[in-house]
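J.: Take this structure, written in structure tokens, and hold onto it; I'll ask about it next.
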Ligand code: CUA
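In this note's numbering, the protein residues as written are -15 to 317.
Pasting the structure below:
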């Protein structure tokens, strides 16, 4: 009962607070087309629950007659309840909802016009690769699990997958769209208000499906320009002996086989590009906040935090090396 109260309270509070995955609250651009449908579904569900509750209470409290007053089962009493409640009503309700869904989907435009910015997003088990194209080769950069966009800009997402089918879902910006290997889905998003819009993978894709989160950070054009200028730069050379030994460790251990840090010898491409990992909000696609302690925990035993991922445990590292590695990665802003 206490648990139930907790769930109800959370749901009620969620309706007031700007919940990160709110699909019914304030939504931007194309996601707005889905909100009325969501509200209609909620209202209809409430109506049906109230109706069923009334019927159940009525059935329970109804005066029961004696055995001889009841008709035998094969007399067919009450079969109309089964016909209307079990066949007619579901057909009417589900057909109606299907048609409404088709109408809502029809109003969503894949394209909002000429995009101001194009970003390639690739799903991996279990993280998101984000590639900013830019005009020239030197303008390109790659990041992970974090998409920065200017407020009000039309951003074209070119969505694909490197392994299995994932689904890109930022409830406050757009409906779910599948990331399919060997195929590119294109659609436009537009964030009308500054802020961090949370996203999830919405298609079961393996054991860590639940830990495949990302964020769309909508900021002013100036902040966005500053961010892209910083991301384009290669990693800063390490300042001081500790950071230098951290970088050396990164290049010498297996880190460099899977991860790239532009400007160093680390050129792996299996895992996320870590050139500016220090500037990111989270580690492991939203698994833990990006702090020095979490970085150390991640290096030592990522499998404990996110079992099944490709990152092995580096528990043979000694303390000073681990400290230096984490300090170096943290410094990569
Ligand atoms: Cu990727 Cu679920």
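Don't be surprised by glycine CBs; every beta carbon is placed ideally from N, CA and C.
Near ligand 1, which residues have their beta-carbon less than 6 Å from any of its heavy atoms, given in chain order?
T.: Result: 107, 110, 150, 185, 187, 188, 189, 193, 196.
J.: When we look at the beta-carbon of residue 185 and count the other beta-carbons within 10 Å, is it buried (16 or more) or exposed?
T.: Classification of residue 185: buried, given that the 10 Å Cβ count is 16 or more.
J.: Which term fits residue 282, buried or exposed, when burial requires 16 or more other beta carbons within 10 angstroms of its beta carbon?
T.: So residue 282 counts as buried.
J.: What does the alpha-carbon distance come out to for the pair residue 130 and residue 159?
T.: Answer to the nearest angstrom: the Cα atoms are 18 Å apart.
J.: Would you check if the distance between the CB atom of residue 194 and the CB atom of residue 181 is smaller than 9 Å?
T.: Their beta carbons are not under 9 Å apart, which means residue 194 does not touch residue 181 by this criterion.
J.: In whole angstroms, give me the CA-to-CA distance for residue 308 and residue 277.
T.: Their backbone Cα atoms lie some 12 Å apart in a straight line.
J.: Do you know offhand how far residue 286's Cα is from residue 65's?
T.: Roughly 56 Å separates the two Cα atoms.
J.: How is the beta strand (DSSP E) around residue 102 delimited, first residue to last?
T.: Note, residue 102: beta strand (DSSP E), 101 to 108.
J.: Output the distance between the C-alpha atoms of residue 240 and residue 19, rounded to the nearest integer angstrom.
T.: Spanning the two alpha carbons is a distance of roughly 45 Å.
J.: Check whether the segment 240 to 258 touches the segment 156 to 175, taking contact to mean three or more Cβ pairs, one atom from each stretch, closer than 8 Å.
T.: Verdict: no, contact absent.
J.: Around the C-beta of residue 310, are 16 or more other C-beta atoms found within 10 angstroms, so that it is buried, or is it exposed?
T.: By the 10 Å Cβ count, residue 310 comes out buried.
J.: With DSSP as the reference, label residue 305 as helix, strand or coil.
T.: Residue state, collapsed to three classes: helix.
J.: Is there contact between the segment 103 to 120 and the segment 147 to 165, where contact requires at least three CB pairs shorter than 8 Å?
T.: Yes, since at least three Cβ pairs between the segment 103 to 120 and the segment 147 to 165 fall closer than 8 Å, the two stretches touch.
J.: May I ask you to report which of helix, strand or coil DSSP gives residue 270?
T.: Coil, per DSSP.
J.: Looking at C-alpha atoms only, which residue of 224, 155, 105, 179 is the closest neighbour of residue 144?
T.: The shortest Cα separation from residue 144 among 224, 155, 105, 179 belongs to 105.
J.: Could you check what DSSP says for residue -2 in three-state terms: helix, strand or coil?
T.: With a pLDDT of 46 at residue -2, under the threshold of 50, the predicted position of this residue should be treated as unreliable, though the coordinate-derived value follows. Reduced to three states, the DSSP call for residue -2 is helix.
J.: Does the separation of the CB atoms of residue 107 and residue 242 fall below 9 Å?
T.: Not in contact: residue 107 and residue 242 (Cβ atoms no closer than 9 Å).
J.: What does a CB cutoff of less than 6 Å around residue 125 pick up in its chain, not counting 5 residues either side in sequence?
T.: Only 116, 215, 216 meet the Cβ criterion.
J.: Any idea which residues DSSP pairs residue 133 with across the strands?
T.: Its beta-bridge partners are 202.
J.: Considering Cα atoms alone, identify which of 69, 22, 254 is closest to residue 35.
T.: Selected option, being the one with the closest Cα: 69.
J.: Can you list, in chain order, the residues of its chain whose CB lies under 6 Å from that of residue 146, leaving out five sequence neighbours each side?
T.: The residues are 106, 108.
J.: Out of 268, 96, 279, state which residue places its alpha-carbon closest to the alpha-carbon of residue 294.
T.: If we check each option's Cα against that of residue 294, 268 comes out closest.
J.: Quick one: what's got a C-beta closer than 8 Å to residue 44's C-beta in the same chain, skipping five residues either side?
T.: Closer than 8 Å at Cβ, skipping near neighbours: no residue.
J.: Just to confirm my understanding: we take residue 205, look at its own chain, exclude 5 residues before and 5 after, and list those with CB closer than 7 Å. What are they?
T.: Taken in chain order, the residues that qualify are 134.
J.: Between 237, 138, 92, 127, which lies nearest to residue 177 when the distance is taken from Cα to Cα?
T.: Considering only alpha carbons, the answer is 138.
J.: Is residue 280 buried or exposed, if buried means 16 or more other CB atoms sit within 10 Å of its CB?
T.: The residue in question, residue 280, is buried, as its Cβ has 16 or more Cβ neighbours within 10 Å.
J.: Indicate the three-state DSSP secondary structure (helix, strand or coil) for residue 127 in the structure shown.
T.: Residue 127 falls in the strand class under three-state DSSP.
J.: Output the distance between the C-alpha atoms of residue 270 and residue 196, rounded to the nearest integer angstrom.
T.: Each residue's Cα considered, the two are about 7 Å apart.
J.: If the criterion is Cβ atoms closer than 9 Å, does the pair residue 261 and residue 274 meet it?
T.: Closer than 9 Å, so yes.
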